[in-house]
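Residue numbers (my numbering), protein chains in the order written: chain D, 1 to 866; chain A, 1001 to 1623.
Backbone N, C-alpha and C fix where the C-beta goes; we use that ideal spot for every residue, glycine too.
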Amino acid sequence: MTVSLTINGKPVKAEAGTTILEAARANNLYIPTLCHHPELTPAGHCRLCLVEVDKVRGLPTACTTPVAEGMVVRTDTESLQEMRREILSLILSEHPYTCLICDRRTECGEYQGTIRKAAVTTGCQYCPKNGQCELQELVERVGLHEVRYPISYRGLPVEQDDPFFDRDYNLCVLCGRCVRVCQDVRHAGVLTFAYRGNEAIVGTAFGQSHLDAGCQFCGACVDVCPTGALADKRGKWEGVPTSVIPSVCSYCSVGCAIDVQVKNGRVIRTVGRDDGVTNDGQLCVRGRFGVVDVVHSLARLRAPLVRRNGRLVEVSWEEALHAVAQGLNQYRGQQFAAIGSAASTNEESYTLQKFTRATMHSNNVALATGYPKHEGSVELADSLKNISGPSIRDIRQAACIMAIGTNPFDSHPVVGVEMRRAMSNGARLVTVDARGTKMAKASELWLQPKIGTDHILLAGMIRALAKERCPPQLAELSLAEVASATGVREEAIVDAANMIAQHAPAIIIYGSGVTHHISGKETIKAIHSLASAAGGVGVMEVPGEGNFVGAHDMGAHPGLLPGYKPVSSPEARKSFEARWGTELSPNPGRTYEDIIAGIRQGEIKALWLAGEAPPLKELANLAFLVVQDIVSTENLQYAHVVLPSATFAEMDGTLTNLEGRVQRVRQAIPPVGDSRPGWMILRDVANLMEPGRWNYSSAEDVMAEVVSLVPAYRDASCQSPAVGGALRRFEPSPKPEFVPFDLDGPRPLATEEFPLTLVTDRNLFCYRGARLTDQVKGMDLVKDEDTLLLNTEDAKRLGISDGAMVDVTSQYGNAQRVAESSGGVPAGVVFTSVNRGVGSPLFPLMAPTAKAIPVKVCRRSGQGGA
Amino acid sequence: MLATKTAGRIKSPRELADLRESILQKKNPDKACIMICGGTGCIAGESLGVIAAFREEVAKHSMEDKVDVQITGCHGPCEWGPLVVIQPQGIMYQKVRPQDAAAAFSETVLKGNVVDRLLYVDPLTSQKVAHVQDIPFYKKQTRVLLGGNSSIDPTQINDYIARGGYSALAKVISDMSPEVVVESVKLSGLRGRGGAGFPTGVKWESCRKSGSRTKYVVCNGDEGDPGAYMDRSILEGNPHSVIEGMIIGAYAIGASSGFIYVRNEYPLAVKNARIAVDAARAYGFLGANVLGSDFSFDLKVFEGGGAFVCGEETALIASIEGRRGTPRQRPPYPTESGLWGMPTNINNVKTWATIPVIINRGHEWYSAIGTQRSKGTAIFSLVGKVKNTGLVEVPMGITLRQIVFDIGGGIRDGRKAKAVQIGGPSGGCIPERLFDLPVDYESLSEAGATMGSGGIIVVDDSTCMVDLAKYFTNFLQCESCGKCATCRLGLKRIYDILSDIVEGRGKEGDIEQLETLAPLVKKGSLCGLGHTATNPVQSTLRYFRDEYEAHIFEKRCPAKVCRALIRYSVIPDLCTGCGACSKLCQEQAIHGEPKKPFAIDSAKCVKCGVCMETCTYHAIKVE
């Protein structure tokens, strides 16, 4: 409904429910604000937007007052302007203002610090927000030339003990944006106002450090701060960027739209874009604070290396490429394999698989973090093809959310934000997780099935639905049986089923806890069955890495060509053979684990390693190893040639997120050192081996070829919009009404030798070979990678106290962890996160892919244990 | 004392009438009753010991069946406490010590004589007054709400019922539709007693009309004004009157649950309110099917943390919801979107307690009290430099002069009245020359003060008005929640300027700056705290501008209060050289030879005033 009102004598139309401020701004009428932020609930802290409204008592704030039919508003009368100047000078009486009203301020250039008249503590050139401070603009717009009050400097110490950002509350104007974003948007509840009156200040409860208060360092508070009170440590003194390039964060499958801020050829900051369709301006600690240190890491590979006399030496690209072409020439066919990265761009993944298939005539191309070794790999990949479900933005509308095998609050915080938003709107949350995560504890219903019984639990839920909804295959299933198999009470199964069936719209979110589990194939079928039985419930898969979906779309899979065309199908091969001008092998290649096994057995002789593989001693068996990565990893010791790769900040390309949204990453800075984009490296090697075949001059050229072969990508080329991208849509396969699944599916069982079940958690604090915890200062404080969670009773029985070093042993190997016991962990199960990049290996074979294996845990000293 | 009847839930108005009948029948009208105030003020004066002493006396004489010892709520004049009233004669004793019990019992209860030394002395006539009804302090009041306090035991629901308690509820349930109740409250002219004076019936009506199934009623008992304690007194002394009012309100509005929000600094109020809520629930006044009707309602007592600003309704809501007690911008008003986003009707303790009276005695009766636009009675806590301090309940429209002089007994120590600070710290000062102003919402507001929650602080000529303004401004700037810029910073700046003035650093332009800042804070702030916080400074500027000017331009404090602006000296002609002052001076600032005039070293003098108080020859002056 539209209402008509008058603002400053001008007739204005506005949607009912909008505020006076919104109506005025839509009509280019300026009302000064400080505490207002379009993403936040208006609060009326700053009082600058006071307006006069006929027939309304007092002066309402434009930011909180809704428009009404016939309203007569005045925003700029002389008395209002005078009041605003007074209010602003009151605000500035507690904020160093010399930099704002000094008559020489415009002459205070970057290198002319000496003419500043303010002391260091009072700002001027020494404020991290100089040039970007909202107060500076406000003073201009309001027309304040003089502050009659002496500066009342709070004299608070600058808080620098927490990672990532500093807090100088002497510069705080108490607009409350940080508090509101932390509470209302992120639902983190870390920031609050403390004390009263003039002593009021922003802080944490009881003055704890942010770390202790549970801050996840998403940086949302820093982004909304109008002054220099909150500033990220890394970019604090960098000042105003010289260029800002819209791009996409590559650290997880959400695909958050970011702005890469650049100054002097260096990335200085990455911030969320408010127009980001997946993230709405929000980021997590990885995207906000984890990019600069990775891009400009000292560990970056800067020049190609070739092994000579047992040592890697720097060489020119020409030499290195020739060495690769020469080395690989001898190993065409089944003895060659490539391991790709699910964090690389579509263009990189496409060229890697094309190189493997067309140039090397092998189908041995797999992702280091692909699906686990079993025959379901193709089926699991197929679930990515069929992504068409709810978007991330749809989550906030959900009335019920079931999360299974995923913990977005920690792993995909931006999805977590949407879930919290839905919950604050009253959505019910059902969590299926063996661990008592924060999300499990925040959910209305937390089901804790025994490890490996997720699909049985889901079958029980389908059975518990109304009779007419339950498919005949499950009509005979007894809930008591399900309860005893899963360890979940019958009533809880019924409650969960009802919750999903009775609250529309409902969404089931699942992640790698399902897909990477040994019974994942069954569980996915069960999820889809439940969704359709409960009546049109949306299903969303939340994979791990940034381009997990895209890499599969591009055919980085041993059995699937780009566009999920099976290699075994002559018809499918035909179009690719025609385009690529070569014959393709009809035999499906090796999965990641098979490749490693092949190396061990000497069947694989040459490997192109571009993925985030853990240190693999098997690599020593290879006759020829090419490592293409962004940083130096332990696997370099086996490499014959090392090719430095550019990061997503240094090249153009596309990424496909969990919604199937193809978004552009853009080159913000020239490649660091002598690094190059992956597609360029592969092009050059391919052309050396078979001259003249590959003629891409840009990532766009690669994508053009993809589009010609994979029509689903036709809208999603590099010409797609700068922000938001476009959805790729595969020919929808008919929606299965009910997929029968094997109720007894494989379940890992603890053995006498290995009495505990280890469940691994995918660690998304990685980008290619770089561990964020190693590369980014302070990240190790946020992400604890070395902990083994175990049940309190188990810990007691094994004589393991919290903080003790323990040996975790499986049939594949062993690793060390620090024990931490918790009541939220079921007996007989232990949890740890898996490092995929550099660092201590954990069960080299099983680690990256399998979800649960039997292990034993004992104290480091070798005494006690089970 | 009547034993609480544990008859279970009362299922109809009829059963309630029967119960009342049976309580009254059991009561022996000839039985003597010793009523001892159990309010916080009297408890502080050891009234619990007095009660024990009287019980002991009764037991000693084995007269349990002939004499009752009853604890009552606060009687009002706490300064005279502990108060004892002996019925049936109605003799009142003041400042009773436990050791006085024996005399009072043997003389008055047994023989019917009066113990002279325990009687109250009227400060105006210096006459001793024996009977409660003859004490001018009471005589000039209209104790509609406070009347119950002094005659019932707040922990005994049967006491309340015996006095006609819950009959208004019964009447409403059996005879009145919610619309009629709202109409009746509207016609009564009752206005919110929390201070703003919004017509209660209109508020109820808008809450009633807001289309929501879940609604709440809240009793605002977050009485935070220094020196004000009428809400506490009612919650401690007659909690059922509030509960009954709330049940009637909930019935009229359509609310199903409610909260009594009390500060946790009021432990006795919290305790008595909880006891009362439980008792009312046991009797079926609360819970499902109130008095057997279709109407269900329940109440919870919620303890506030004691922030002054939580008396502001939106902050109070935030506090109940478990958030930081910070006001939010209105609209929407709580009647549209209050607790957990539901329509919520918040009224002050006194407002709720008035409801049963209006229902029982009719809105015509109620609206006959008071003035054209302000109806009924107002309760003030009369404190400061008057002879009789305490809670007073007066009809609206009474003049300040009547309150201060007739009820308050005039100014102490023979000094001159200068002004009253009315309406608490965010009220305003009204000078003595305007004491004939009728006390009602409009007149006070025009005079620059507010009804507030009803504190009256009487100020004599020994008070510096600038210092007074600074004191209250300081209170308010400390209690400001700090959310909105004008209140947080404006009050602080005002306070800084006032501090400068009283500390002798005042300069030209300060008054003008105050005159710019004060309206800015008033108009620009978010909630009622900011809207009214500048009343003290604005009203003192309005009526006592000369004092400001004296401070700033002449560096002189006319009331001789501001230490930086005064100087103590010895009047040599009067000084006998006794040296008494010198001995007491902590700073050793007074020197002299015995029997010769002493002298004060103003460099050392900290202006504590001890010398002046000590000197029996009035040889110390301050200028």
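8 Å is my cut-off, CB to CB: does residue i come that close to chain D?
i: T1486(A); result: yes
i: S1480(A); result: yes
i: L1520(A); result: yes
i: L1529(A); result: no
i: A1307(A); result: yes
i: K1507(A); result: no
Where does residue i land, buried or exposed, given buried means 16+ other C-beta within 10 angstroms?
i: V1218(A); result: buried
i: G1322(A); result: exposed
i: F730(D); result: buried
i: I1571(A); result: exposed
i: P1013(A); result: buried
i: P42(D); result: buried
i: H1591(A); result: exposed
i: Q1133(A); result: exposed
According to DSSP, residue i sits in a beta bridge with which residue or residues?
i: S821(D); result: L790(D)
i: F1259(A); result: V1218(A) and K1300(A)
i: I1358(A); result: DSSP, once it has assigned bridges, lists no residue as partnering I1358(A).
i: E159(D); result: R167(D)
i: D949(A); result: With chain A covering 1001 to 1623 only, the question about residue 949(A) has no answer from this structure.
i: P1438(A); result: T1399(A)
i: H557(D); result: L560(D)
Does any residue of chain A bring its CB to less than 8 Å from the CB of residue i?
i: Y169(D); result: no
i: F843(D); result: In this prediction, F843(D) scores a pLDDT of 44, lower than 50, which makes its location untrustworthy; the coordinate-derived value is nonetheless stated afterwards. Cβ-Cβ to chain A under 8 Å: no for F843(D).
i: G189(D); result: no
i: N425(D); result: no
i: R196(D); result: yes
i: M71(D); result: no
i: G58(D); result: yes
i: T192(D); result: yes
I need the straight-line Cα distance from residue i to residue j, nearest angstrom please.
i: K129(D); j: V222(D); result: 11 Å
i: L1235(A); j: Q1588(A); result: 51 Å
i: S247(D); j: Q216(D); result: 23 Å
i: Q136(D); j: C99(D); result: 8 Å
i: I1091(A); j: T1072(A); result: 15 Å
i: R498(D); j: S484(D); result: According to the sequence provided, residue 498(D) is Asn. The question's Arg does not apply to it. Straight-line Cα distance between these residues: approximately 20 Å.
i: V292(D); j: H210(D); result: 22 Å
i: T486(D); j: L479(D); result: 10 Å
i: V1129(A); j: I1620(A); result: 39 Å
i: V855(D); j: V830(D); result: 9 Å
i: I339(D); j: C49(D); result: 58 Å
i: E477(D); j: D684(D); result: Looking at the sequence itself, residue 477(D) is Leu, so the reference to Glu does not match. Roughly 59 Å between the two C-alpha positions.
i: E314(D); j: E752(D); result: 52 Å
Entirely enclosed beta strand (DSSP E) segments - the region 23-105 of chain D, minimum 3 residues: 72-74
Go through the region 308-339 of chain D residue by residue and report every complete run of the beta strand (DSSP E) that reaches 3 residues or more, in order. 311-314
Secondary structure, beta strand (DSSP E): runs of 3+ residues fully inside the region 1341-1386 of chain A: 1344-1348 and 1377-1384
Give, in chain order, every unbroken run of the alpha helix (DSSP H) that is at least 4 residues long and sits entirely within the region 1258-1291 of chain A. 1267-1282
Minimum length 3: unbroken beta strand (DSSP E) runs contained in the region 1560-1616 of chain A: 1568-1570
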